[in-house]
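First comes the structure, then the notes that go with it.
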Ligand code: FES
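Right, here's the structure in full:
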């Protein structure tokens, strides 16, 4: 359980396969009530009960932020992942009841911007769909550059181009079309804010180019949720709750703490928000830090860990939890 | 003149840093008085910077001797004007034509930096991305909270409002919107009991 993550009991009302990899899931409240509005860029954490494993995966909401009847997410199937997306694709059916969190936004528009310049790669398009709906309703100025592997895999590209022909550019990798980033960043009016969501390589590329061209850090926004990765099992002592737990090969440390019935804070579950930061009381071994939150010094200090994505290899790890 | 170490104060009081060259294709520098010295140091820190820079400089009482030195830095453009208000139309035009990546450097008196900061923010630059360095006079730009008039270059505390004539106590409470400190009547509770003015920070 975590600050800002109250739960919503919902029913799956529609499942729409978009292409080979991506499927849209729509939810309505099971009690027939209204869902909260949200702001473009927000995500929800979906609980997946798969036998005795519970997975909690964050997905960007891509429905209209003002639509209180239905939420939609789009899930890209990751055959090599730990199973969350496969569970959604293979096991979830229309009519199923699920639990999702209240929306949390770690990738909101800066509404002081004169113009919003959005760069999306692949499934990174989803937060922008909600943001564009929000901006279209308020007359906000935006430009979207969306790169996908091929036309077939460019989810929602047709819909976006049809609605906003002058604001949307699509690039297909298989046709060797690439975003001319330097040119694009160079000509933007003062007061433009830049947003990027996509694979890590793309985010790094865009941030580095923007920094090179003198864009202020405050005007560059990005969202990259890391999926927790599998690794060697390890044992952890939770000092406050006085428990010793085992983190399984395909389990994250956070999931293992939760499975032991210990309340641990989180928001993004993807190494980005900082909410799950946990103090290390003692250790003998090495950390596998994978988050974007701790700085290098903190990572080297052996005093902190982000249990949503990071792991440990060694003899003992004692956490202040 | 070396940098003045401002004493610790309340949160609303602006703090200033040291200008450092940043990446970017175009650089806008606005300075008055001794701020010219900070620009000269900036040019020394990055030899390629000035060729990409537009300098707006207001010499005021103390800066007449700097004009030649600034010219010698070889900026892409140099404007030397009689006052900040006279420079504002130019400043607005430069900002209106500018693109993302523009770097803004402000140096000199607090009044100049505060007002130019407002123009840059109004043009869409986040305030935390605008560099400042205090140089020269410690005089303050003050707003009278009673008549709302602005008195420039206040050197003593208390001082006389140049609009309504009240004796005002100089506060550290700063308004970013007005680019001015707040002056409050010093003898409000005991009219006529006005302490002797002391020079600010001395
Ligand atoms: S939950 Fe956000 S960093 Fe771990």
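Residue numbers (our numbering), protein chains in the order written: chain A, 998 to 1318; chain B, 412 to 613.
All C-beta atoms, glycine included, are put in the ideal place defined by N, C-alpha and C.
query = Taking C-alpha atoms, which residue in A/1029, A/1124 and A/1167 lies nearest to residue 1319 of chain A?
reply = With chain A covering only 998 through 1318, there is no way to say anything about residue 1319 of chain A.
inquiry  = Any beta carbon from chain D within less than 7 Å of residue 458 of chain B's own beta carbon?
reply    = Structure shown: chain D not included; protein chains present are A and B.
request  = Assign residue 453 of chain B to buried or exposed, taking buried as 16 or more other Cβ atoms, counted over all protein chains shown, within 10 Å of its Cβ.
outcome  = Per the 10 Å Cβ criterion, buried.
inquiry  = Taking the alpha helix (DSSP H) that residue 499 of chain B belongs to, which residues open and close that run?
reply    = For residue 499 of chain B, the enclosing alpha helix (DSSP H) covers residues 495-508.
task = Alpha carbon to alpha carbon, how far is residue 1062 of chain A from residue 1182 of chain A? Give it in angstroms, no decimals.
result = Going by the C-alpha atoms only, they are around 28 Å apart.
key: Below-7 Å beta-carbon distance, residue 1086 of chain A vs any chain B residue   = Chain B contact via Cβ: absent.
message = Within 7 Å of any Cβ in chain B, is that where the Cβ of residue 998 of chain A sits?
response = Only weak support exists for where residue 998 of chain A lies, its pLDDT of 48 falling under 50; the coordinates are left without a value.
ask   = Regarding residue 1266 of chain A and the ligand NAD, is the C-beta to nearest heavy atom distance less than 6 Å?
value = In terms of ligand content, the structure shown lacks the ligand NAD and carries the ligand FES instead.
request  = Check whether the region 1273-1292 of chain A touches the region 1301-1314 of chain A, taking contact to mean three or more Cβ pairs, one atom from each stretch, closer than 8 Å.
outcome  = Yes, the region 1273-1292 of chain A is in contact with the region 1301-1314 of chain A.
message = Give me the chain B residues within the contact set of residue 1209 of chain A, using Cβ-Cβ distance strictly less than 7 Å, ordered along the chain.
response = Residues of chain B with a Cβ closer than 7 Å to the Cβ of residue 1209 of chain A are, in chain order, 434.
request  = Answer with yes or no whether the minimum CB distance from residue 511 of chain B to chain A is below 7 Å.
outcome  = The beta-carbon of residue 511 of chain B is placed less than 7 Å from the nearest beta-carbon of chain A.
ask   = List, in order along the chain, the chain A residues whose C-beta lies closer than 9 Å to that of residue 454 of chain B?
value = None at all; the shortest Cβ gap to chain A is about 17 Å.
message = I'd like to know if residue 1202 of chain A contacts chain B, where contact means its C-beta is closer than 7 Å to some C-beta of that chain.
response = Chain B, which has no Cβ nearer than 7 Å to the Cβ of residue 1202 of chain A, makes this no.
request  = Taking only heavy atoms of the ligand FES into account, decide whether any of them is closer than 6 Å to the Cβ of residue 966 of chain A.
outcome  = Only positions 998 to 1318 of chain A appear in this structure, which leaves residue 966 of chain A out of reach.
query = Rounded C-beta distance between residue 444 of chain B and residue 525 of chain B? I'm assuming under 8 Å.
reply = Residue 444 of chain B to residue 525 of chain B, Cβ: 15 Å. No contact.
request  = Output, in chain order, the set of chain A residues within a Cβ distance shorter than 8 Å of residue 535 of chain B.
outcome  = Near residue 535 of chain B (Cβ distances below 8 Å), the residues of chain A are 1109, 1110, 1111, 1186, 1187, 1188 and 1189.
request  = Could you tell me which residues DSSP puts in a beta bridge with residue 1077 of chain A?
outcome  = Answer by DSSP bridge pairing: none, since residue 1077 of chain A is not bridged.
task = Output the boundary residues of the beta strand (DSSP E) element that contains residue 1094 of chain A.
result = Here the beta strand (DSSP E) through residue 1094 of chain A covers 1094-1098.
key: beta-carbon residue 1226 of chain A near the ligand FES non-hydrogen atom, thresh 6 Å   = Shortest gap from the CB of residue 1226 of chain A to any heavy atom of the ligand FES: 6 Å or more.
query = Would residue 1004 of chain A be called buried (16 or more neighbouring beta carbons within 10 Å of its own) or exposed?
reply = Exposed.
task = Return the residues of the region 489-507 of chain B that lie within a Cβ-Cβ distance of less than 9 Å from chain A, sorted by chain order.
result = If you check each beta-carbon in the region 489-507 of chain B against every beta-carbon of chain A, the ones closer than 9 Å belong to 506 and 507.
request  = With a cut-off of 8 Å on the beta carbons, I'd call residue 1190 of chain A and residue 1247 of chain A a contact; round off their distance for me.
outcome  = Cβ-Cβ separation between residue 1190 of chain A and residue 1247 of chain A: approximately 38 Å, too far for a contact (criterion under 8 Å).
task = Provide the residue span of the beta strand (DSSP E) that contains residue 1204 of chain A, from first to last.
result = Careful: residue 1204 of chain A lies outside any beta strand (DSSP E), inside the alpha helix (DSSP H) at 1197-1209.
inquiry  = Let me check you understand the geometry: is the CB of residue 553 of chain B closer than 6 Å to at least one non-hydrogen atom of the ligand FES?
reply    = Not one heavy atom of the ligand FES is found less than 6 Å from the C-beta of residue 553 of chain B.
inquiry  = Helix, strand or coil, according to DSSP, for residue 1124 of chain A in the structure here?
reply    = Correct three-state label for residue 1124 of chain A: helix.
ask   = What is the residue span of the beta strand (DSSP E) that residue 474 of chain B lies within?
value = First-last for residue 474 of chain B: undefined, no H or E at that position.
query = Under the three-state reduction of DSSP, which class applies to residue 1179 of chain A: helix, strand or coil?
reply = If DSSP states are grouped into helix, strand and coil, residue 1179 of chain A belongs with the helices.
query = So which residues on chain B does residue 1140 of chain A lean against when the C-beta distance must stay under 8 Å?
reply = For residue 1140 of chain A, there are no C-beta contacts with chain B under 8 Å, since the nearest C-beta of that chain is about 13 Å from it.
message = So residue 526 of chain B contacts chain A; which residues on that side make the cut at Cβ distance below 8 Å?
response = Residues of chain A with a Cβ closer than 8 Å to the Cβ of residue 526 of chain B do not exist; the shortest Cβ-Cβ separation is about 18 Å.
ask   = Using a C-beta cutoff of 7 Å, does residue 539 of chain B count as contacting chain A?
value = The C-beta of residue 539 of chain B comes closer than 7 Å to at least one C-beta of chain A.
key: Residues of its chain near residue 1188 of chain A, where Cβ-Cβ distance is below 7 Å and the 5 sequence neighbours each way are ignored   = Correct list, in chain order: 1110, 1111 and 1112.
query = Going by alpha carbons, who is nearest to residue 518 of chain B out of B/535, B/474 and B/555?
reply = Of the candidates B/535, B/474 and B/555, the one whose C-alpha sits nearest the C-alpha of residue 518 of chain B is B/474.
With 16 other Cβ atoms within 10 Å as the buried cut-off, status of residue 1220 of chain A = Buried, by the Cβ-count rule.
task = Report whether the distance from the Cβ of residue 942 of chain A to the nearest heavy atom of the ligand FES is below 6 Å.
result = Outside the displayed range of chain A (998 to 1318) lies residue 942 of chain A, so it cannot be described from this structure.
query = So what does residue 1021 of chain A bridge to, in DSSP terms?
reply = Partner residues in the beta bridge of residue 1021 of chain A, as assigned by DSSP, are A/1013 and A/1071.
CB contact below 7 Å: residue 514 of chain B versus chain A = Yes, residue 514 of chain B counts as interfacial toward chain A.
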